[in-house]
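These protein sequence lines are chains A, B and C, in that order. With the first letter of the first sequence counted as 1, position 350 gets the number 349 in numbering that gives the first Met the number 0; the numbers rise by one all the way through. With the first letter of the second sequence counted as 1, position 67 gets the number 66 in numbering that gives the first Met the number 0; the numbers rise by one all the way through. With the first letter of the third sequence counted as 1, position 7 gets the number 6 in numbering that gives the first Met the number 0; the numbers rise by one all the way through. In what follows, a structure is listed as structure tokens, so that the remarks can point back to it.
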Amino acid sequence: MKFSQEDFEKAREQLKLLKTDPGNQVKLNIYALFKQATEGPCKAPKPGMLDFVKKAKWDAWQSLGNLPQDSARQKYIELVSSLVAAESSQVEATPPGSKAAYETLEVSTKDNITKIVLNRPKVKNAISTKMYDEIVEALEEAAKDDSVITVFTGNGDYYCSGNDLNNFTNLPANGLEEMAKNSADMLKDFVDHFIDFPKPLIAVVNGPAVGIAVTLLGLFDVVYATDRATFHTPFSKLGQSPEGCSSYTFPKIMGVSKATEMLLFNKKLTAAEACSQGLVTEVFPDQVFQKEVWARLKAYGSLPKNSLALSKQLMRSMEKEKLHEVNSQECECLKGRWLSDECMNAIMSFFQKSKL
Amino acid sequence: MKFSQEDFEKAREQLKLLKTDPGNQVKLNIYALFKQATEGPCKAPKPGMLDFVKKAKWDAWQSLGNLPQDSARQKYIELVSSLVAAESSQVEATPPGSKAAYETLEVSTKDNITKIVLNRPKVKNAISTKMYDEIVEALEEAAKDDSVITVFTGNGDYYCSGNDLNNFTNLPANGLEEMAKNSADMLKDFVDHFIDFPKPLIAVVNGPAVGIAVTLLGLFDVVYATDRATFHTPFSKLGQSPEGCSSYTFPKIMGVSKATEMLLFNKKLTAAEACSQGLVTEVFPDQVFQKEVWARLKAYGSLPKNSLALSKQLMRSMEKEKLHEVNSQECECLKGRWLSDECMNAIMSFFQKSKL
Amino acid sequence: MKFSQEDFEKAREQLKLLKTDPGNQVKLNIYALFKQATEGPCKAPKPGMLDFVKKAKWDAWQSLGNLPQDSARQKYIELVSSLVAAESSQVEATPPGSKAAYETLEVSTKDNITKIVLNRPKVKNAISTKMYDEIVEALEEAAKDDSVITVFTGNGDYYCSGNDLNNFTNLPANGLEEMAKNSADMLKDFVDHFIDFPKPLIAVVNGPAVGIAVTLLGLFDVVYATDRATFHTPFSKLGQSPEGCSSYTFPKIMGVSKATEMLLFNKKLTAAEACSQGLVTEVFPDQVFQKEVWARLKAYGSLPKNSLALSKQLMRSMEKEKLHEVNSQECECLKGRWLSDECMNAIMSFFQKSKL
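See below:
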């Protein structure tokens, strides 16, 4: 006999400290070994078919046959040790909350929630080329980590002021044509990552949102907003056209006519209007916004991870192909827009005004 | 001459008592024979093209040419007799309101409305395996009967508390795998019957609705609810995933974000919330609910039957294929869920709590 | 030297009077020629990559190389003259606001807005066969003209009372079958023109709307209504079925259940109800309706034309194929309805009542 009764008692205690549920099959196994170790082979009468739980336990115990009690005890201790070892190695591999270092984002994980914070408050969290790249990277990381849900929010007064127009001034060697092509490729890849994200994706809109920060909301699963938030997509004023799949998601969410007022005629919505049109799930007074929303998110983070992910994927799968097609068409249309007089005039006029 | 003038007068009286409209062609024929029998061949001037009704009547009379008045009278009497005979044989074949006997439902037809009542009030109308089968049978019967619309409602305080979890405890010989497969097959066939139902289908939600009783509402054409009703789909708490095509119909009805709160995050809606989100057509105060709803339904039942059925089928045809595909995917996903640890833990926990 | 300094100064003045923006490429060219003419070859330091506007201007000037100042001045004068000439010839070709003469419509263009007024106020703007044809013609004209948006409205108290039932009384030689076929063909072509219209299409609903005037609203991009407006589609009462793609657009806009109440069960909506169901974008008090709506439309008309047209086409392209398919199915269904007893009875009854 390699293990003492003391080791057996210690294993029982360690079992209670495990943080990760080892799954039903393992738990039934532990139960059976414990019974076999302490009472010997199963002699209990077979439970009725209707008693689902008792029957499963009885089957597990019964399956050990005439395994000696000492062997059962030894296997019990070994099984618990392996579970404890697996858990501590996991903890070492990924220290809680740590993420790769980002320049334009703050990313952390806590309470089964991965939180991605847009972090350029001095420019109202405008999305620079660097930030586009980092968001893609953060989404890829979040898709693979242990979190149950993923949350986007902004640092400071703004949620996000949209595309940083300075992105347009970085003319590559081959001029406008190449810039338009590169930008369209980058945008397509960026939006594709939102379409394909496999877990529930939640926006915590802590202030005004503009342009692509608004259109992308149609690809989120839940959108909570402070009553200070506004929603504005002034595309036509800039000679541009809608992106982020909004030409498809917005008519679906709010009907063609309200979508047209926003996407073509530059109507800016209050948080209450965005909520009544279905773009925002719920609006909270600013004073209690963070507290109430995070209490709710914490509860969501405690729900069964796979059930949530599969349910989200089920809802998304119905239109994933369509969304990728829409994204392609929108990027193609924008590429043409960026080379158009209407757009160039509007952007020149923007920079001329901003220099006054 | 086989028929007397008296027979002719009697036929005129019988005609007034007919309950079934014999159709325009027959009515024009009756009109023409009557005119021919009483006035002889048509000598009236041809009406103008614009006078639709007169022209149709004139054509019918004219088409009898020089048929002798006696022959016209005889044909008139024969035609009316055949209509009267057809009507009385119909009445004998299907005594009014009678239906096959059901164990878990009450089914009857009145005022052109087939009413299917969920009738297990002691268990809040939870849907047992037997009830699934009987609902399928009742839908098949209602599709074929003479009714104009079909109505679902519940007996007692609840509309329906959803799937009876006891269905999970009837383990077949080959265990869980087989149970999961059988349940998924049954569910798919059940939901398919709602997708394919050819007439307007109306839910009269007389109290709280849970789970599949809520998700199926997305496949109804109209949903009237008492203000006592609530709508709750706690799938993820049970480690499960949405069914009844709700992963497609709910985002379509209320937008992705409000659908996600219900289907993933277990939000329970009041009747007013369900109405403002489009899941419920109209809410009524409980005191007047039955009276007002049935007055309205009676009016619907008096509308042209084929016009309603074809209009409903037109609306449904746009997405029927999609709905069947969604149903398959949802059932496949659920089959996997039922064998998962998340689901088994949740159901075991439910039965353990319910034994305390 | 063909041109004097005086000609050069005159060209500078003419340039300021141009009404049409000649496009960025031309403007950069004008800028470069002016600099070359007045300062000689470009000697300015190359601007940084980040200064988008300066860089474009510098490139244009630089590209003229060592072109002599006199030649630059001459080319400048020629370029401006050609722009002035192009503009005045355009003005002659299409006198402002004039349109082909219509019998049932008033059509005009002003402030970049083409306005199509339904103009049979004595019959509440019911759509006669002639009006169907003229609307198709007006849409074809508006699609090609210089306007930015197109607006429909009605003359008098009604927006439009729907299909003129007198259309049914013009029986062609081959009778009902042919009438049904002709009507279905005409309807299909009519609705196709709304599906394919390439610019933002806006309805200004100045009073009650009935039947096809309501269903077509689902194909408009924005719908503004006076609070006097009502929306009524009593198809089933007439034994008919929905058209104008409403069997697809209405469920998409307001959910299946509210669409069913309108399209199957003849529910008449107030303007406020139509707005909360998403069919109407915004409702205005009748006293300020025209003033407020037209101020808004004028602002829309001043936005970049191509940006708006392409954005609208992007939104429409996602479902254009589906809409044409729906239109075909609806017309096919109606063709059957028009030959049915239910429909013939209802129309006969309508005319009989209206003769009392």
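The beta-carbon is built from N, C-alpha and C at its ideal position, and this holds for glycine as well.
Within the continuous beta strand (DSSP E) that includes VAL150 of chain C, where are the two ends? 148 to 153
Going by beta-carbon coordinates alone, are GLY153 of chain A and GLY210 of chain A separated by less than 8 Å? No, they are not a contact pair.
Excluding sequence positions up to five away, which residues of its chain have a Cβ less than 6 Å from the Cβ of PHE288 of chain A? Excluding residues within five positions, the ones whose Cβ falls inside 6 Å are THR225.
Quick one: what's got a C-beta closer than 6 Å to SER348 of chain A's C-beta in the same chain, skipping five residues either side? None.
Between the alpha carbons of THR248 of chain C and LEU302 of chain B, how many angstroms are there, rounded? 23 Å
Please report the residue range of the beta strand (DSSP E) in which PHE283 of chain C lies. 281 to 283
At what residues does the beta strand (DSSP E) containing LEU117 of chain C begin and finish? 112 to 117
Through-space distance from SER146 of chain A to GLN61 of chain A, alpha-carbon basis: 37 Å
Is there a Cβ of chain F sitting closer than 8 Å to that of SER301 of chain A, yes or no? Although the question refers to chain F, the structure presented lacks it and instead comprises the protein chains A, B and C.
If we count the other Cβ atoms within 10 Å of its Cβ and call it buried at 16 or more, is LEU16 of chain B buried or exposed? exposed
Just the Cα atoms here: how many angstroms apart are VAL122 of chain C and SER160 of chain C? 8 Å
What residue ranges within the region 171 to 200 of chain A form continuous alpha helix (DSSP H) runs of no fewer than 4 residues, ordered along the chain? 174 to 195
Taking a contact to mean a Cβ-Cβ separation below 8 Å, would you say GLY217 of chain A touches CYS342 of chain A in this structure? no
Can you look up SER339 of chain B in the DSSP assignment and give me helix, strand or coil? coil
Rounded straight-line distance, which links the Cα of ILE148 of chain B to that of ASN111 of chain B: 7 Å
Which of helix, strand or coil does DSSP assign to PHE230 of chain C? strand
I want to know whether the region 262 to 274 of chain A touches the region 192 to 201 of chain B - three or more CB-CB distances under 8 Å. no
Would you be able to state if there are at least three C-beta pairs under 8 Å between the region 271 to 282 of chain C and the region 253 to 262 of chain A? Yes, the region 253 to 262 of chain A is in contact with the region 271 to 282 of chain C.
Where do the ends of the alpha helix (DSSP H) carrying TYR372 of chain C lie? Outside the shown range of chain C, which is 0 to 355, sits residue 372 of chain C, and nothing can be said about it.
Grab the span of the beta strand (DSSP E) containing THR225 of chain B for me, first residue to last. Counting along the chain, the beta strand (DSSP E) containing THR225 of chain B begins and ends at 221 to 225.
Against chain A, which members of the region 325 to 354 of chain B pass a CB distance test of less than 8 Å? VAL325, GLN328, GLU329, CYS332, GLY335, ARG336, SER339, ASP340, GLU341, CYS342, MET343, ASN344, ALA345, ILE346, MET347, PHE350 and GLN351
Say whether the region 324 to 341 of chain C touches the region 305 to 320 of chain B, bearing in mind that this needs 3 or more beta-carbon pairs closer than 8 Å, one atom from each stretch. In this structure the region 324 to 341 of chain C lies against the region 305 to 320 of chain B, because at least three pairs of beta carbons, one per stretch, are closer than 8 Å.
Boundaries of the alpha helix (DSSP H) in which LYS304 of chain B is found, first to last residue: Judged by DSSP secondary structure, LYS304 of chain B falls within the alpha helix (DSSP H) whose first and last residues are 304 to 316.
For the region 69 to 81 of chain B against the region 31 to 44 of chain B, do three or more pairs of beta-carbon atoms, one drawn from each stretch, fall closer than 8 Å, so that the two count as touching? yes
Exposed or buried, which one is LYS18 of chain B when buried takes at least 16 other CB atoms within 10 Å? exposed
MET314 of chain C at chain A interface by Cβ criterion, 8 Å: yes
Could you run through the region 246 to 270 of chain C and flag, in chain order, every residue whose CB is less than 9 Å away from some CB of chain B? SER246, TYR247, PHE249, PRO250, LYS251, MET253, GLY254, VAL255, SER256, LYS257, ALA258, THR259, GLU260, LEU262, LEU263, PHE264 and ASN265
For GLU133 of chain C, the nearest candidate out of C:ASP156, C:LEU104 and C:ASP58 (CA to CA): C:LEU104
Rounded C-alpha distance that separates HIS231 of chain B from GLU140 of chain B: 30 Å
In whole angstroms, what separates the C-alpha of ILE194 of chain A from that of SER246 of chain C? 29 Å
Say whether chain B places a C-beta atom closer than 8 Å to the C-beta of ASN305 of chain A. yes
Less than 8 Å between the CB atoms is what I'm expecting for LEU32 of chain C and LEU82 of chain C, so what's the real figure, rounded? About 13 Å separates the two Cβ atoms, so there is no contact after all.
Determine, using beta carbons only, whether ASP188 of chain B and VAL106 of chain B come nearer to each other than 8 Å. no
Rounded to a whole number of angstroms, what is the C-alpha to C-alpha distance between PHE7 of chain B and ALA100 of chain B? Roughly 45 Å separates the two Cα atoms.
In chain order, what residues of the same chain have a beta carbon less than 7 Å from the beta carbon of TYR131 of chain C, not counting five sequence neighbours either side? Hits under 7 Å: MET185 and PHE189.
What is the rounded straight-line gap between the Cα of ASP156 of chain A and the Cα of ARG336 of chain A? 31 Å
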